[in-house]
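*Asks:* Heads up: the protein sequence lines correspond to chains A and B, in order. The number in the working numbering is simply the position in the first sequence, starting from 1, with 1 added. The number in the working numbering is simply the position in the second sequence, starting from 1, with 1 added. Virtual Cβ for every residue (Gly too), placed ideally from N, Cα, C. Pasting a structure here, questions to come.
Protein chains: 2
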Amino acid sequence: MAGKTRTAMMEETRGKLLASARKSFAEHGFAATSMDDLTAAAGLTRGALYHNFGDKKGLLAAVVDQIDAEMAARARNLGALAGTLWDRLLAEGCAYIEMALDPEVQRIVLLDGPAVLGDPSQWPSQNRCLDATRDAVRQLLDADLLRPVDVEAASRLLNGAALNAALWVAACEKPAQTLPKAQEAFRLLAEGLLTER
Amino acid sequence: MAGKTRTAMMEETRGKLLASARKSFAEHGFAATSMDDLTAAAGLTRGALYHNFGDKKGLLAAVVDQIDAEMAARARNLGALAGTLWDRLLAEGCAYIEMALDPEVQRIVLLDGPAVLGDPSQWPSQNRCLDATRDAVRQLLDADLLRPVDVEAASRLLNGAALNAALWVAACEKPAQTLPKAQEAFRLLAEGLLTER
DNA sequence: CAATTGACATACGCTTCGTATGTAAATATC
DNA sequence: GATATTTACATACGAAGCGTATGTCAATTG
Chain A
2 MAGKTRTAMM EETRGKLLAS ARKSFAEHGF AATSMDDLTA AAGLTRGALY
52 HNFGDKKGLL AAVVDQIDAE MAARARNLGA LAGTLWDRLL AEGCAYIEMA
102 LDPEVQRIVL LDGPAVLGDP SQWPSQNRCL DATRDAVRQL LDADLLRPVD
152 VEAASRLLNG AALNAALWVA ACEKPAQTLP KAQEAFRLLA EGLLTER
Chain B
2 MAGKTRTAMM EETRGKLLAS ARKSFAEHGF AATSMDDLTA AAGLTRGALY
52 HNFGDKKGLL AAVVDQIDAE MAARARNLGA LAGTLWDRLL AEGCAYIEMA
102 LDPEVQRIVL LDGPAVLGDP SQWPSQNRCL DATRDAVRQL LDADLLRPVD
152 VEAASRLLNG AALNAALWVA ACEKPAQTLP KAQEAFRLLA EGLLTER
C-alpha cells in the first residue's frame, strides 16, 4: 500500500469519498447525510473530506458533476444510434426520462442539486445534458427542420419537460405503464418545433 | 388584545409565523433558515411553531401551499381573460413563467419545495397550478382540438417546461429580453399538441 | 540526510433541531 | 360564578452536525 505515489493515493481517497457520498446522498438526501458517517463508511474522517472538497456543498457539486457526465455520455450514445437528426433529439429526450427513473439521479441531480447549488445552467460543471440537447437543436435549426426559435430557450424547455416528466413517472404508482405515456407526450411537444410534421 | 376569542388569536399567530417563514425562506433558503430567528422576528418562540406546524418541514409545506394557491389563482384569472380555450392554456403557461421570476416563488416553490417535500404532484396540498393546466388540457381534448395524448402526461410536461424555463430566465443576465424567447418557445412546443396548426 | 510540504486525523466551539416540561389564560362543568 | 381542565405557547435540555484550528506523520525536495 505504501508503494503508491502520493498523487495516486489522493486520487484513490477522492474516489472513495465520492463513491460513499454518492451512495449516502442517494439514500438519505443531502440534508440528512452526516459527513461523519459518510467519511467513516469510506474508512476516512472529515479531515480528508474538507481537504479534498472544501465543504459539504463542494462534495455535492463533485458528485453531481460525476453523475451528469455519465448521463450525458449515455444520452449521446443512445442518440448516436438514431438515424436522423430528429430521431436523435427524441432519443436523447427519452433517454433522459428513463435515466431520471434512477433514484440516484432523481434525488441528487434533480432535487438536491438545484436546491443546494442553484439553477443547473449556472453550475460550474455546465450541465452536460443540456449541452447535448442544445447541440441537437442547433443542428436541426441549421438544417431548416425547425421553425425559427431561440436555441437556448428550446433546449431548456425540452430538457425541463423531460426531467420533470421523469420525476412524475418515478413518483407514480405504475412507472412501467406511465413511462411510455410520458415519452409519447414528449414526442408530441417536441414536434411543435418542426417546420412540417 | 384580550378581547379576542382563542381561535382568532391562534389564527393570528399562524399568520405571523407563515409570513415570517415565507420571508426568511425566500431570503436565505430553507436550510439556512433558523427557526429561532424566524419565530423571534414574528415576536414568538419555537414553541408556537412546533405547536402549529409540527416541524420545520410542516412549516415549509404550509408556506408552499399558500404561495401555490396564490399562483394558481393568478394564472386562472389571466387565463380567464383569454378568448379561446387554446389561448387560455397558453396564457396560463406564460403566466407561470412570469410568476416564477419572483425570487420567492423560485426559491420556495421550485427549488426548496421539491427537495424537501418531494415531487410536487405528491404534495398533500395537490399542486393547484398543475390542476389548472390539467383542466385546460382536458377541455381541449374533449373539444377534439388536441392530438390524442395522456392528460396527465401532457399537463406535467407543459408545467415542467414552463417552470424550468422560468428558472433559466431568472438566472440569466438579461431576464427582460429572455422572457419573450422563453414564452415563444413554450408556444411552439405547446402547438405540438394541436391537431392542426 | 535534513527540511519542508501536504494529506489527513483529532479536538473544539458554535449553531440548530426536536422534545420534554412548565405556565398562564381561555374554555368547560357544575 | 367558582373550580376543573384543556391548550396555546414559552422555557429548558440534550443530541447532532458543521466548519475550523491544530496536530501528526509520511512523502517529496534539495
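As an exercise, report each continuous alpha helix (DSSP H) stretch of at least 4 residues that is fully enclosed by the stretch 92-123 of chain B, in chain order.
*Replies:* Within the stretch 92-123 of chain B, the complete alpha helix (DSSP H) runs of at least 4 residues are 114-118.
*Asks:* For the stretch 72-94 of chain A, which residues have a CB atom closer than 7 Å to at least one CB atom of chain B, in sequence order?
*Replies:* Flagged: no residues at all.
*Asks:* So which residues of chain A does Pro115(B) contact, with C-beta pairs closer than 9 Å?
*Replies:* As a position in the second sequence, residue 115(B) is number 114, starting the count at 1. Leu111, Leu112, Pro115, Ala116, Leu168, listed in chain order.
*Asks:* Kindly indicate the opening and closing residues of the alpha helix (DSSP H) around Asp56(B).
*Replies:* In the second sequence, the residue the question calls residue 56(B) occupies position 55. Neither: Asp56(B) is in no alpha helix (DSSP H) and is coded neither H nor E.
*Asks:* Applying the criterion that 16 or more other CB atoms from any shown protein chain within 10 Å of the CB defines a buried residue, is Pro121(A) buried or exposed?
*Replies:* The residue labelled residue 121(A) in the question sits at position 120 within the first sequence. So Pro121(A) counts as buried.
*Asks:* If you draw a straight line from the C-alpha of Lys57(B) to the C-alpha of Gly193(A), how long is it?
*Replies:* One-based indexing of the second sequence puts residue 57(B) at position 56. One-based indexing of the first sequence puts residue 193(A) at position 192. Each residue's Cα considered, the two are about 42 Å apart.
*Asks:* For Leu147(A), does the three-state DSSP call read helix, strand or coil?
*Replies:* Counting from 1 along the first sequence, the entry for residue 147(A) is found at position 146. In this structure, Leu147(A) counts as strand in the three-state DSSP scheme.
*Asks:* Once DSSP output is grouped into helix, strand and coil, what is the label at Leu190(B)?
*Replies:* By 1-based counting over the second sequence, the position of residue 190(B) is 189. Reduced to three states, the DSSP call for Leu190(B) is helix.
*Asks:* Please decide whether Thr165(B) counts as near chain A, where near means a Cβ-Cβ distance under 8 Å.
*Replies:* Counting from one through the second sequence, the residue named residue 165(B) turns up at place 164. Contrary to the premise, residue 165(B) reads as Asn rather than Thr in this sequence. Judged by the 8 Å Cβ criterion, Asn165(B) is in contact with chain A.
*Asks:* Cβ closer than 9 Å: which chain B residues qualify as neighbours of Phe187(A)?
*Replies:* For this step, residue 187(A) is matched to residue 186 along the first sequence. Here the neighbours are Ala154, Leu158.
*Asks:* Could you list which residues in chain B have their beta carbon closer than 7 Å to that of Gln123(A), in chain order?
*Replies:* In the first sequence, the residue the question calls residue 123(A) occupies position 122. The answer, in chain order, is Ala172.
*Asks:* Based on the DSSP secondary-structure assignment, which residues constitute the bridge partners of Glu82(B)?
*Replies:* By 1-based counting over the second sequence, the position of residue 82(B) is 81. Note on identity: in this sequence residue 82(B) is Leu, with Glu being the wrong assignment. Leu82(B) pairs with nothing; no bridge assigned.
*Asks:* Apply the 10 Å Cβ neighbour rule to Ser35(B) and answer buried if 16 or more other Cβ atoms are within range, or exposed otherwise.
*Replies:* In the second sequence, residue 35(B) corresponds to position 34, counting from 1. Exposed, by the Cβ-count rule.
*Asks:* Taking only beta-carbon atoms, is Val106(B) less than 8 Å away from chain A?
*Replies:* Along the second sequence, read from residue 1 onward, the residue named residue 106(B) stands at position 105. Val106(B) does not count as touching chain A.
*Asks:* Starting from Thr6(A) and walking both ways along the alpha helix (DSSP H), at which residues does that stretch end?
*Replies:* Along the first sequence, read from residue 1 onward, the residue named residue 6(A) stands at position 5. First-last for Thr6(A): undefined, no H or E at that position.
*Asks:* Look at the Cβ atom of Leu19(B), then the Cβ atom of Val64(B), and state whether they are nearer than 8 Å.
*Replies:* Numbered from its first residue, the second sequence carries residue 19(B) at position 18. Numbered from its first residue, the second sequence carries residue 64(B) at position 63. Yes, they are a contact pair.
*Asks:* Could you name the residues of chain A that Asp66(B) contacts, counting a contact when the two beta carbons are closer than 9 Å?
*Replies:* Here residue 66(B) refers to the residue found at position 65 of the second sequence. Within 9 Å Cβ-Cβ: nothing; Asp66(B) doesn't reach chain A, min ~18 Å.
*Asks:* From the DSSP output, read off the bridge partner residues of Leu195(A).
*Replies:* The residue given as residue 195(A) occupies position 194 in the first sequence. Paired residue(s): Leu147(A).
*Asks:* Can you pull the chain A neighbours of Glu192(B), defined as C-beta to C-beta under 8 Å?
*Replies:* Numbered from 1 along the second sequence, position 191 holds the residue referred to as residue 192(B). Ordered by position in chain A, the residues that pass the 8 Å Cβ test against Glu192(B) are Gly193.
*Asks:* Return the Cβ separation of Ala186(B) and Leu158(A) in integer angstroms, given the expectation that the two are a contact with Cβ distance under 8 Å.
*Replies:* Start at 1 with the first residue of the second sequence, and residue 186(B) comes out as number 185. Start at 1 with the first residue of the first sequence, and residue 158(A) comes out as number 157. Contact holds; Cβ gap of about 5 Å.
*Asks:* 8 Å is my cut-off, CB to CB: does Ala32(A) come that close to chain B?
*Replies:* Taking the first residue of the first sequence as position 1, residue 32(A) is located at position 31. Closer than 8 Å to some Cβ of chain B, the Cβ of Ala32(A) qualifies, so yes.
*Asks:* When the cut-off is 8 Å and only beta carbons count, does Arg1(B) lie next to chain A?
*Replies:* The structure shown does not extend to residue 1(B), since chain B spans only 2 to 198, so no value can be given for it.
*Asks:* Taking the alpha-carbon positions, what's the Ala177(B) to Asp136(A) distance?
*Replies:* Counting from 1 along the second sequence, the entry for residue 177(B) is found at position 176. Counting from 1 along the first sequence, the entry for residue 136(A) is found at position 135. If you take the alpha carbons of Ala177(B) and Asp136(A), they lie about 25 Å apart.
*Asks:* Please confirm whether Leu199(A) and Ala144(A) have their CB atoms less than 8 Å apart.
*Replies:* For chain A, the structure presents residues 2 to 198; residue 199(A) sits outside this window and is missing.
*Asks:* Under 8 Å between C-beta atoms, does Glu197(A) make it to chain B?
*Replies:* In the first sequence, counting from the first residue as 1, residue 197(A) sits at position 196. It does not; no Cβ of chain B falls within 8 Å.
*Asks:* Just to confirm my understanding: we take Cys130(A), look at its own chain, exclude 5 residues before and 5 after, and list those with CB closer than 6 Å. What are they?
*Replies:* For the purposes of this step, residue 130(A) is taken as the residue at position 129 of the first sequence. Same-chain partners within the cutoff: Met72, Ala73.
*Asks:* Looking at the C-beta of Gly161(B), does it have a partner C-beta in chain A at a distance below 8 Å?
*Replies:* Against the second sequence, residue 161(B) aligns to sequence position 160. Taking Cβ atoms only, chain A reaches closer than 8 Å to Gly161(B), which makes this a yes.
*Asks:* Do you know whose CA, among Asp113(A), Ala76(A), Ala166(A), Thr40(A), lies nearest Ala216(A)'s CA?
*Replies:* The first residue shown for chain A is 2 and the last is 198, placing residue 216(A) beyond what the model contains.
*Asks:* Could you check what DSSP says for Gly44(B) in three-state terms: helix, strand or coil?
*Replies:* Taking the second sequence and counting its residues from 1, one reaches residue 44(B) at position 43. DSSP places Gly44(B) in coil when its eight states are reduced to three.
*Asks:* Look up Gln140(B) in the DSSP assignment and say whether it is helix, strand or coil.
*Replies:* Translated into positions along the second sequence, residue 140(B) becomes position 139. Note: Gln140(B) maps to helix in three-state DSSP.
*Asks:* If we ignore side chains and look at the alpha-carbon of each, how far apart do Asp69(B) and Leu190(B) end up?
*Replies:* By one-based count along the second sequence, residue 69(B) stands at place 68. By one-based count along the second sequence, residue 190(B) stands at place 189. If I take the Cα positions, the gap works out to 24 Å.
*Asks:* Can you give the Cα-Cα distance for Ile98(B) and Gln107(B), rounded to whole angstroms?
*Replies:* One-based indexing of the second sequence puts residue 98(B) at position 97. One-based indexing of the second sequence puts residue 107(B) at position 106. Cα-Cα distance, rounded: 10 Å.
*Asks:* Use the C-beta contact count for Lys175(A): other C-beta atoms within 10 angstroms, 16 or more gives buried, fewer gives exposed.
*Replies:* In the first sequence, the residue the question calls residue 175(A) occupies position 174. It is exposed - the Cβ of Lys175(A) has fewer than 16 other Cβ atoms within 10 Å.
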